[in-house]
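Beneath this line is the structure, given in structure tokens, with notes to follow.
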Amino acid sequence: MNQFSKTVAIVGAAESDEIGVVPDKSPLQHHAEAAHNALADAGLSIKDVDGLFTAGYSTLALGEYIGVRPKYTDSTAVGGSSFVIHLAHAIAAINAGYCNVALVTHGEAGRSGRERSTAGLGGAGLAGPQFEAPYGIIGPPVSYSMACSRYMSQYGEDRTRQALAEIAVSTRKWALLNPKAYMKEPMSFDDYHNSRWIAWPFHLFDCCLVTDAGGAVVVTRADRARDLPKKPVYILGAAEHHDHSMISQMPDLTVTPAHSSGPRALEMAGLSHKDIDLTMIYDSFTYTVLITLESLDFCGPGEGPEFVANQRTAPGGDFALNTSGGGLSYTHPGMYGMFLTVEAVRQLRGECGERNVNPKIALVNGTGGVLSSTGTAVLAVD
Amino acid sequence: MTSDTYKRPLPLSQPEWDYYWERTKQHELWLMRCDDCSRHYFYPRAICPNCFSRNTRWAQSSGKGTLHAFSIVHRGPTPAFADYVPYVACIVELEDGARFPSNLVEVEPDPANIKVGMPVEVVFDDVTEGVTLPKFRPAQ
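Those protein sequence lines, which keep their order, are chains Z and F. Mapping of the first sequence onto the working numbering: residues 2 to 383, in sequence order. Mapping of the second sequence onto the working numbering: residues 223 to 362, in sequence order.
Spelled out as structure tokens, the structure:
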């Protein structure tokens, strides 16, 4: 176990007031609402915040909007994993004495926003717009589906397809237990297989939602956390990695950077896979879950289909995975990573009602870009 | 087609990439090669991404390779692709050693006809008066 394991804790976690389809709110409103709610959850004031972390906007804009003038600032933005990576950075910043109370916020109006993403079209000096965009290799569905075709060729198309269906169906079952989930109807295997093609090999139900939502967490020293109202959720380990920006430059289309961040987060925590009670994996697509389970070494390369077979990851199964209903069926505003942590905190505190799996230790893995970056964190309650 | 009527994204002029696009207009595919680590790479940059050497140069590619990965895109990523779908996005593993993002053309966009690992070869699509995109087709 690393000397910085369990030195800080998450003491507040929340979403913005309403999530899903929220046409009358801007992204920064979602940031501010989530920050307000997370600080209230923590029993702390905005005046206590001296470290500010976000992605999507610069902390300059965020700090001004919510009235925080921080001593420590971190605008690390490497996609939807950033909000997990911020936890690793908060461990470092708090232990170095740069700040005492770290506020990490997220907010996007992915569904209703007036500025829709132009990913892949701008950035004249970048290689993606130059060499991928002219071919319609723009945005996550095209890139992730290409990666999945490679997996299918290496490990078998039919068993891969079955695994993707298992993940889509089991995740929907969890969403039906989450009152905040966007998707309210059950999904059958037939529903999955009959959903329209977005980008072969991806059906519609392989792809995450596009919603409006914000989230925030508050992190402080473990000794201070014990004096606050809620049960502290200790960060036992956290690590990050990235290995490409464009999908054509990904070293191996079937292995995510979690192969590096995962083992280091577990090593820092002094734990192994058998210790994990709850796993929250960024499910931008069903395929992201399949290869992240392998990259995190819950199973070997190509063994994911057996690992998730027979609804093993659904409610009542023996591997609790994405209990919020995930990006596939609960919410996904564009950069979903924050919501992995929010659910893990609530599960560890026992606040999840009928979907609570009563975990003591949770592993969170965010993925950003086009399978480009990951942040892995191991969280626990006493 | 002129650049006024072509709606999909086009490369923007960049000093370090202009030579590449000048060669594609001549229907030639050029990569870069590092003479220290003896590897071709794409996309072009003056310093080798594999070993950080400055000992690099342009090198013409055979334009032959295999299909490394592909996607049959039914829902275009932007409105500009509405009349281009379904199209095949792909990554080609060139026999010279570099991975190359492109489109697979001259084939039905049906997974029954397209297999990862199949041999492919470059063709040149003069999409506007000023821009030629290297694309790939099943090897003849």
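Where is the CB? At the ideal position from N, CA and C, for every residue including glycine. Computed from a predicted model, the values in this text were never measured in an experiment.
Suppose you measure from the CA of residue i to the CA of residue j; what does that come to, to the nearest Å?
{"i": "Arg255(F)", "j": "Glu133(Z)", "result": "20 Å"}
{"i": "Tyr235(Z)", "j": "Ala217(Z)", "result": "16 Å"}
{"i": "Ser324(F)", "j": "Ser6(Z)", "result": "45 Å"}
{"i": "Tyr283(Z)", "j": "Gly338(Z)", "result": "6 Å"}
{"i": "Gly376(Z)", "j": "Trp201(Z)", "result": "28 Å"}
{"i": "Gly111(Z)", "j": "Ala166(Z)", "result": "25 Å"}
{"i": "Cys300(Z)", "j": "Phe274(F)", "result": "35 Å"}
{"i": "His90(Z)", "j": "Ser17(Z)", "result": "23 Å"}
{"i": "Ala321(Z)", "j": "Gln236(F)", "result": "49 Å"}
{"i": "Tyr241(F)", "j": "Lys247(F)", "result": "10 Å"}
{"i": "Pro187(Z)", "j": "Cys209(Z)", "result": "16 Å"}
{"i": "Arg321(F)", "j": "Ser249(Z)", "result": "6 Å"}
{"i": "Ala103(Z)", "j": "Tyr58(Z)", "result": "17 Å"}
{"i": "Met2(Z)", "j": "Glu268(Z)", "result": "6 Å"}
{"i": "Val38(Z)", "j": "Thr342(Z)", "result": "The residue you asked about is not Val; residue 38(Z) is Asn in the sequence shown. Using only the alpha carbons, I get a separation of about 15 Å."}
{"i": "Leu384(Z)", "j": "Thr227(F)", "result": "Chain Z is shown from 2 up to 383; residue 384(Z) falls before or after that span and cannot be answered."}
{"i": "Gly44(Z)", "j": "Gly215(Z)", "result": "19 Å"}
{"i": "Lys357(F)", "j": "Ile313(F)", "result": "10 Å"}
{"i": "Ala334(F)", "j": "Asn323(Z)", "result": "34 Å"}
{"i": "Ser386(Z)", "j": "Lys72(Z)", "result": "The requested residue 386(Z) is not part of the displayed model; chain Z covers only 2 to 383."}
{"i": "Cys100(Z)", "j": "Ala381(Z)", "result": "22 Å"}
{"i": "Gly328(Z)", "j": "Phe203(Z)", "result": "15 Å"}
{"i": "Ala15(Z)", "j": "Ala128(Z)", "result": "37 Å"}
Is residue i helix, strand or coil by DSSP?
{"i": "Gly13(Z)", "result": "strand"}
{"i": "Asn311(Z)", "result": "helix"}
{"i": "Cys259(F)", "result": "coil"}
{"i": "His249(F)", "result": "coil"}
{"i": "Glu330(F)", "result": "coil"}
{"i": "Trp280(F)", "result": "strand"}
{"i": "Gly305(Z)", "result": "helix"}
{"i": "Pro192(F)", "result": "For residue 192(F) there is no data in the structure shown, the boundaries of chain F being 223 and 362."}
{"i": "Trp175(Z)", "result": "helix"}
{"i": "Tyr235(Z)", "result": "strand"}
{"i": "Ile20(Z)", "result": "coil"}
{"i": "Asp192(Z)", "result": "helix"}
{"i": "Ala291(F)", "result": "strand"}
{"i": "Gln4(Z)", "result": "coil"}
{"i": "Gly263(Z)", "result": "helix"}
{"i": "Ala268(F)", "result": "coil"}
{"i": "Phe84(Z)", "result": "helix"}
{"i": "Gly352(F)", "result": "coil"}
Among the options, which residue has its Cα nearest to the Cα of residue i?
{"i": "Gln282(F)", "options": "Thr288(F), His249(F), Cys259(F)", "result": "His249(F)"}
{"i": "Val295(F)", "options": "Leu291(Z), Thr106(Z), Ser144(Z)", "result": "Ser144(Z)"}
{"i": "Ile272(Z)", "options": "Gln155(Z), Thr161(Z), Val379(Z)", "result": "Here the sequence assigns Leu to residue 272(Z), which means Ile is not the residue at that position. The option with the nearest alpha carbon to Leu272(Z) is Val379(Z)."}
{"i": "Pro360(Z)", "options": "Tyr288(Z), Gly369(Z), Met2(Z), Arg347(Z)", "result": "Arg347(Z)"}
{"i": "Gly32(Z)", "options": "Gly108(Z), Ser59(Z), Asp191(Z), Lys26(Z)", "result": "With the sequence shown as reference, residue 32(Z) is identified as His, and Gly is not the correct amino acid for it. If we check each option's Cα against that of His32(Z), Gly108(Z) comes out closest."}
{"i": "Asn357(Z)", "options": "Leu178(Z), Met147(Z), Tyr288(Z), Thr342(Z)", "result": "Leu178(Z)"}
{"i": "Phe54(Z)", "options": "Gln30(Z), Thr106(Z), Thr8(Z)", "result": "Thr106(Z)"}
{"i": "Leu229(Z)", "options": "Thr255(Z), Asp276(Z), Gly335(Z), Asp49(Z)", "result": "Asp49(Z)"}
{"i": "Ala56(Z)", "options": "Arg70(Z), Thr74(Z), Ala41(Z)", "result": "Thr74(Z)"}
{"i": "Ala315(Z)", "options": "Lys174(Z), Val220(Z), Asp298(Z)", "result": "Lys174(Z)"}
{"i": "Gln312(Z)", "options": "Ala226(Z), Asp383(Z), Val365(Z), Gln163(Z)", "result": "Gln163(Z)"}
{"i": "Gln362(F)", "options": "Gly352(F), Glu351(F), Thr350(F), Glu343(F)", "result": "Glu343(F)"}
{"i": "Ile292(Z)", "options": "Ile168(Z), Asp192(Z), Pro180(Z)", "result": "Ile168(Z)"}
{"i": "Pro301(F)", "options": "Gly140(Z), Asp25(Z), Gly335(Z)", "result": "Gly140(Z)"}
Check the Cβ-Cβ distances between residue i and every residue of chain A, and say whether any is below 8 Å.
{"i": "Val342(F)", "result": "The structure shown has no chain A; the protein chains it does contain are Z and F."}
Near residue i, which residues of its chain fall below 8 Å by C-beta distance, leaving aside the five closest residues on each side in sequence?
{"i": "Pro308(F)", "result": "Ile294, Val295, His296, Pro331"}
{"i": "Phe303(F)", "result": "Arg230, Val295, Tyr309"}
{"i": "Ser189(Z)", "result": "Val170"}
{"i": "Arg181(F)", "result": "Only positions 223 to 362 of chain F appear in this structure, which leaves residue 181(F) out of reach."}
{"i": "Gly68(Z)", "result": "Ile47"}
{"i": "Thr77(Z)", "result": "Phe54, Ala56, Ser83, Ile86, His87, His90"}
{"i": "Ala363(Z)", "result": "Ile277, Asp278, Leu279, Thr280, Met281, Ala345, Gln348, Leu349, Val379, Leu380, Ala381"}
Got a sec? Which residues, its chain only, sit under 6 Å from residue i by beta carbon, not counting five neighbours each side?
{"i": "Thr354(F)", "result": "Thr246, Lys247, Phe346, Asp348"}
{"i": "Gly370(Z)", "result": "Gly80"}
{"i": "Ala176(Z)", "result": "Ala182, Met184, Gly326, Ser330, Tyr331"}
{"i": "Ser82(Z)", "result": "Gly338, Gly367, Thr368, Gly369, Ser374, Thr375, Gly376"}
{"i": "Arg359(F)", "result": "Val327, Glu328, Val345"}
Please return the same chain residues whose Cβ sits closer than 7 Å to the Cβ of residue i, not counting the five positions on each side in sequence.
{"i": "Gly319(F)", "result": "Arg261, His262"}
Near-chain F residues of the stretch 245-271 of chain Z (beta-carbon distance less than 8 Å), N- to C-terminal order: Met247, Ile248, Ser249, Gln250, Leu254
Please name the residues in the stretch 229-247 of chain F whose beta-carbon is closer than 7 Å to at least one beta-carbon of chain Z, in chain order. Arg230, Pro231, Leu232, Pro233, Leu234, Gln236, Trp239
Beta carbons nearer than 8 Å to chain Z: which residues of the stretch 286-298 of chain F have them? His290, Ala291, Phe292, Ser293, Ile294, Val295, His296, Arg297, Gly298
Please list, in chain order, the residues of the stretch 294-327 of chain Z that have any C-beta partner in chain F closer than 9 Å. none
Near-chain F residues of the stretch 204-231 of chain Z (beta-carbon distance less than 8 Å), N- to C-terminal order: none
Contact residues within the stretch 316-327 of chain F, judged by C-beta distance below 9 Å to chain Z: Arg321, Phe322, Pro323, Ser324, Asn325
Could you run through the stretch 329-353 of chain F and flag, in chain order, every residue whose CB is less than 7 Å away from some CB of chain Z? Pro333, Val338, Gly339
Quick one, which residues of the stretch 258-285 of chain F are near chain Z if we go by CB-CB under 7 Å, in chain order? Tyr265
Relative to chain F, which residues along the stretch 149-161 of chain Z have a C-beta separation below 7 Å, given in chain order? Ser150, Arg151, Ser154
Mind listing which residues of the stretch 190-204 of chain Z have their C-beta closer than 7 Å to chain F's C-betas, in chain order? Trp198, Ile199, Ala200, Trp201
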